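Protein chains in written order, with our numbering: chain A, 63 to 440; chain B, 9 to 512. Each residue gets a CB set at the ideal place from its N, CA and C atoms; glycine is no exception. Keep in mind it's a predicted model, so treat the numbers as computed, not measured. Data block below; observations after.
Structure below.
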């Protein structure tokens, strides 16, 4: 029997963090480009669109409470399809890890380390992600827990401080126009379905969750709602500070917004806030990148182990190292932030496909009547 | 103080061999038996053979027995008693009223007993001698804590006597659930080791695991509890202390009452407490005796000291080499002005001064106490001032190193200090390579490593990660007032019981 070490508030925190971290560094800019001044409304629409995907993940968890995705895939769809689907999910999560790692390396390069080669910065990020990947899921969960202590004070500072100096002008958020949404209706709709996908974390940590399906449901609902509140601040605040269309001029509106709203006195000890933002963004990158990386490694390793038990148990470390080397190698291709954003444009539809595929898996499991301990014959 | 009865098992020997040996021993005459015993002991200079009567002799080590006890309990009552009246242990007990009389199975076992400080009473026509325990403890008495001094609270500390150390714990926890499990470890040293815990507080699985790991320790030498640390924790290369070492009995009592396990060993004034956790490293024993708000202040000071001790040199490098903009312009200009004329990059400055600091710290440990303080202060002042005037290092660097030293010494526990001194070099190197990014990466690597550690199935970073809110609220940064702590402990026990039921 697997060790149950994860409480539902910890799972909710993980889901919230993965959701926020996956979107924070590039989603505001993409939404500003696609929906203009009205983009902040989409934060709430995306929350509604997230619930079918969350339900599907929950339904799979309820059927296989002690198994990870790769372990129950052969039971749900059979061996050949299990390999295909596992490879799809692994590629999708690999892309997520790659994007987070490379985006953060670019952020550091443009703000702090202009002279350092990009590959070194990517290498440092890869080292961190690989370390957690090798040390296992329990370490990942604890690292996410530990990040509560630096992230919460920082987030509170970011959200509460701007309310006092009067930098926020919420009239900049209006008017909201229907035509803002219709121009890129299809890509927006697809993007919103997959925008809040932190609940995928449950496919990794589910077997460790205490309290069963009820705890999983609580974690997913609260985690996604908390992420919605956080994303609202990250998208609406810069808009309120800089107004439309000035907000689109910043590469990282969040970071610029922090600088704009920092205490105006020259004696403020950390005037430019580089230290805080860098530390914070590193934590942000860590949670999403490490979770994607671990999901990717486990999707392959667990499927391998489910299909070929003798090979699978030894595969995880090897796959982790291989994936890390692959991220480092592939990152050579993305030489600028615009190249990374091109990758994001490919990855966002994949995200939608991943959500739809999860729903399809949940339905397949339901119609085929497969569940854990039912002797499904695979 | 007498030593406890020895429980060491004999080496395994076949029945035939034992019978042969017994036959051979029976054939020995009295004087041969005394000689054989002395020979088995290696005839050391402190071995004494005293004839008490015809056919009765006491063999003992003069350095290991209590002279007064020997005279009163053995020599006086047995002088002139003929050998036939001591043929059986019941007869001997009529004369010798001390406890701890045993009948070893062989001369070898008798020799082991003499080595432990017992008196071997060789009686004619008896195959093996009796062993009478009148051993004494040669060493210092209970004194004040040298490495963990405290302003308030008890001042006594463990010494090298296992018996006295046991007593120091017993006096504080007068509860029949207090349990001492005795083991003998170290093939060459035969050291007595005690596993101390409170039944009902420490989990049985944890105690069993500790005992199992100790029993399977194949070390030939156990001269101190430190020799057992890696065996108990299961981590060999960890730079952080995963078992807390303390010489304060009140701390041991506090910890075992919270469900931890302590390990004491003969000839060691330090107890090991397992499992250690990260938050324990910021707690001092004296915190329990201060008012809650006072202990909060002291712990905050220690946290700041810890941050300064580990990161000040790295931040100096970050500010002076990579990201001066994170400080206000005036502060940056002061730092750069102070560095004018210094021929090295900041990393070399830091390494020079850190090395000087390490040398001074090491020298202060080696020097006699009455000159150590003066020497290090003088050394520090002269070295720092001279280095600064010669423009080998900047004035700001002297301030950074001084702050680092003060921060380090504010941390409780020598090993704790050493761990963070080591970590400081990792942070410094990372900052020198990649500035703030390197420092944050190194910080994360250390955090990840700490999160991955389990000591006896207890997460090292708990209650911070994983979250344990009750424990976190009770005694992490804030030590809650005692009535609240008691209430929270009750709730914690209920939660644990509920969690167990759910898991079941």
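Rounded to the nearest whole angstrom, the CA to CA distance from residue 109 (chain B) to residue 39 (chain B) is 22 angstroms. Residue contact with chain B for residue 198 (chain A): present (Cβ-Cβ distance below 9 angstroms to some residue of chain B). Shown here for residue 439 (chain B): same chain residues with a beta carbon closer than 6 angstroms to its own, the five before and five after excluded, namely 322, 325, 326, 446, 447 in chain order. Cβ-Cβ separation between residue 170 (chain B) and residue 274 (chain B): approximately 4 angstroms, consistent with a contact (criterion under 8 angstroms). Only residues of its own chain outside the window of five on either side were considered, and among them 402, 405, 406, 409 have a CB closer than 7 angstroms to the CB of residue 161 (chain A), listed in chain order.
Secondary structure of residue 193 (chain A) (DSSP, three-state): helix. Neighbours of residue 258 (chain A) in chain B, taken as residues whose beta carbon is under 8 angstroms from its own, are absent, since the nearest beta carbon is some 23 angstroms off.
A residue is called buried when at least 16 other Cβ atoms come within 10 angstroms of its Cβ; residue 310 (chain B) meets this threshold and is buried. When the beta-carbon positions are compared, residue 156 (chain B) and residue 254 (chain B) come within less than 9 angstroms of each other.
With respect to the 9 angstroms criterion, residue 396 (chain A) and residue 164 (chain A) are classified as neighbours on the basis of their beta carbons. The beta-carbon of residue 369 (chain B) is placed no less than 9 angstroms from the nearest beta-carbon of chain A. For residue 462 (chain B), the closest C-alpha among the options B:342, B:284, B:262 is that of B:284. A check of alpha carbon separations from residue 305 (chain A) across A:86, A:92, A:99 identifies A:99 as the nearest. Remark: fewer than three beta-carbon pairs, one from each stretch, lie closer than 8 angstroms, so the stretch 187 to 204 of chain B and the stretch 244 to 258 of chain B are not flagged as touching. In this structure, residue 154 (chain B) lies near residue 165 (chain B), with their beta-carbon atoms less than 9 angstroms apart. Boundaries of the alpha helix (DSSP H) around residue 400 (chain A): 399 to 430. Cβ-Cβ separation between residue 387 (chain A) and residue 195 (chain A): approximately 12 angstroms, too far for a contact (criterion under 8 angstroms). In the structure shown, the three-state DSSP call for residue 163 (chain A) is helix. For residue 75 (chain A), the number of other beta carbons within 10 angstroms of its own is at least 16, and it is reported as buried. Look at residue 56 (chain B) here: in three-state DSSP terms it is strand. For residue 280 (chain A), the CB contacts under 6 angstroms within the same chain, skipping 5 residues up- and downstream, are 70 in chain order. DSSP places residue 109 (chain A) inside the alpha helix (DSSP H), whose first and last residues are 101 to 125. Annotation: residue 430 (chain A) to residue 138 (chain A) spans about 8 angstroms, alpha carbon to alpha carbon.
DSSP places residue 205 (chain B) in the strand class (E or B) of the three-state scheme.
Along the stretch 192 to 217 of chain A, the positions whose C-beta sits under 9 angstroms from a C-beta of chain B are 193, 194, 197, 198, 200, 201, 202, 203, 204, 205, 206, 207, 208, 209, 210, 211, read in chain order. In its chain, beyond the 5 residues on either side, 57, 65, 67, 130 have a beta carbon closer than 8 angstroms to the beta carbon of residue 42 (chain B).
Residues of chain B whose Cβ lies closer than 8 angstroms to the Cβ of residue 67 (chain A) are, in chain order, 474.
In this structure, the CA atom of residue 316 (chain A) is about 7 angstroms from the CA atom of residue 300 (chain A). Under the three-state reduction of DSSP, residue 85 (chain B) is assigned to helix. Annotation for residue 140 (chain B): no alpha helix (DSSP H) segment contains it, though the beta strand (DSSP E) segment containing it runs 138 to 141. Restricting attention to B:90, B:37, B:473, B:348, the CA atom closest to the CA of residue 211 (chain A) is found in B:473. For residue 222 (chain A), there is no enclosing beta strand (DSSP E); the residue is found in the alpha helix (DSSP H) stretching over 210 to 222. As DSSP reads the structure, residue 358 (chain A) sits in no beta bridge. Within the stretch 215 to 243 of chain B, contact with chain A at the beta-carbon level (separation under 9 angstroms) is assigned to no residue. Cβ atoms of residue 286 (chain A) and residue 77 (chain A) come within 8 angstroms of each other, at about 7 angstroms. For residue 408 (chain B), the enclosing alpha helix (DSSP H) begins and ends at 403 to 417.
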